[in-house]
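I have placed the structure first, in the form of structure tokens, so that the comments after it can refer back to it.
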Amino acid sequence: MEDRISDSEDNSSLQAPPAAKPYLSFSIENILSEGKFGPRAKRSTEYAPKCDGSRKPSMQTLLSRLPWLAYTRYCPPKIPRSKTRKGSRRHKLDRNPRIPFSSSQLAALEAKFIQTQYLSGSEVRDLSSSLRVTEHRVKIWFQNRRAREKKTQAESSVDPGSPQVQST
Numbered sequence: 001m002e003d004r005i006s007d008s009e010d011n012s013s014l015q016a017p018p019a020a021k022p023y024l025s026f027s028i029e030n031i032l033s034e035g036k037f038g039p040r041a042k043r044s045t046e047y048a049p050k051c052d053g054s055r056k057p058s059m060q061t062l063l064s065r066l067p068w069l070a071y072t073r074y075c076p077p078k079i080p081r082s083k084t085r086k087g088s089r090r091h092k093l094d095r096n097p098r099i100p101f102s103s104s105q106l107a108a109l110e111a112k113f114i115q116t117q118y119l120s121g122s123e124v125r126d127l128s129s130s131l132r133v134t135e136h137r138v139k140i141w142f143q144n145r146r147a148r149e150k151k152t153q154a155e156s157s158v159d160p161g162s163p164q165v166q167s168t
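Position one of the sequence shown corresponds to residue 1 (full-length UniProt numbering), numbered consecutively onward.
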């Protein structure tokens with residue numbers, strides 16, 4: 001038994017001392033140190049693109065062939081802008097101003113709607129000529145009136161205070 005103990009003691013004495021840790025620039029100790037990667041380290045701008053156009057000649061030739069390489073988040077391409085930025089105002093200027101229906105026109109439209117909710121082509125022409133409005137305005141009024149009718153029917157059927165007809 002003593003031989004075994006002495007053998008193990010001999011083996012431990014024969015082992016080489018632990019090797020020094022290799023230097024790693026990305027090790028935790030190095031990253032947290034005050035050196036190259038530390039919190040106070042200055043960031044290198046050697047490879048960062050410059051927006052002022054000062055580039056090396058070889059880079060200039062490369063950029064002339066592949067201009068999209070120069071574009072970054074901080075150096076976007078120059079896009080020509082329009083001088084007038086009115087947006088939605090331009091669309092409204094193209095349209096005619098809204099002219100409301102007179103009370104007599106509304107009465108005639110409502111009377112026709114009570115008769116029928118859908119007009120034929122000839123009925124639209126006759127009604128528009130008698131009211132002195134365009135056929136398009138008559139069609140749109142009927143569309144809006146049908147939508148309003150549908151909405152009021154839906155609200156009255158959902159309304160808990162209104163009397164509901166039960167089928168037996």
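Backbone N, C-alpha and C define an ideal beta-carbon position, used for all residues, glycine too.
query: Buried or exposed: F142, going by 16 or more other Cβ atoms within 10 Å of its Cβ?
result: Taking the first residue of the sequence shown as 1, we reach residue 142 at position 142. So F142 counts as buried.
- request: Please state if the CB of V133 and the CB of Q105 are separated by a distance shorter than 8 Å.
  value: If you number the sequence shown from 1, residue 105 lands on position 105. If you number the sequence shown from 1, residue 133 lands on position 133. A contact, by the Cβ cut-off of 8 Å.
- prompt: Between R137 and Q117, is the Cβ-Cβ spacing less than 8 Å?
  reply: Position 137 of the sequence shown, counting from 1, holds the residue named residue 137. Position 117 of the sequence shown, counting from 1, holds the residue named residue 117. Taking 8 Å as the Cβ cut-off, R137 and Q117 do not qualify as a contacting pair.
- prompt: How about L119 and L127: are their beta carbons less than 8 Å apart?
  reply: In the sequence shown, counting from the first residue as 1, residue 119 sits at position 119. In the sequence shown, counting from the first residue as 1, residue 127 sits at position 127. Yes, these two residues count as a Cβ contact at 8 Å.
field: Helix, strand or coil at D81 [DSSP, three-state]
entry: Residue mapping note: residue 81 aligns to position 81 of the sequence shown, counting from 1. A small fix is needed here, since residue 81 is Arg in this sequence, not Asp. Coil.
query: Comparing the CB of F26 with every heavy atom of the ligand GTP, is any distance shorter than 7 Å?
result: With respect to small molecules bound, the structure shown includes none, and the ligand GTP cannot be examined in it.
query: Among the residues of its own chain, which have a CB less than 6 Å from the CB of P77, if the five just before and after it don't count?
result: Numbered from its first residue, the sequence shown carries residue 77 at position 77. So the list reads Y71, once near-sequence residues are dropped.
- prompt: By the 10 Å Cβ neighbour count, where 16 or more other Cβ atoms means buried, how is L24 classified, buried or exposed?
  reply: One-based indexing of the sequence shown puts residue 24 at position 24. The residue is exposed, with fewer than 16 neighbouring Cβ atoms inside 10 Å.
field: Best match in I140, L62 and R81 for proximity to P100 [C-alpha to C-alpha]
entry: Start at 1 with the first residue of the sequence shown, and residue 100 comes out as number 100. Out of I140, L62 and R81, I140 has the C-alpha closest to the C-alpha of P100.
query: What is the rounded straight-line gap between the Cα of E149 and the Cα of F113?
result: Taking the first residue of the sequence shown as position 1, residue 149 is located at position 149. Taking the first residue of the sequence shown as position 1, residue 113 is located at position 113. For E149 and F113, the distance between alpha carbons rounds to 11 Å.
query: DSSP on G114, reduced to helix/strand/coil?
result: Taking the first residue of the sequence shown as position 1, residue 114 is located at position 114. Checking the sequence shown, residue 114 turns out to be Ile, not Gly. Reduced to three states, the DSSP call for I114 is helix.
query: What three-state label does DSSP hand E34 in the structure shown?
result: For the purposes of this step, residue 34 is taken as the residue at position 34 of the sequence shown. Reduced to three states, the DSSP call for E34 is coil.
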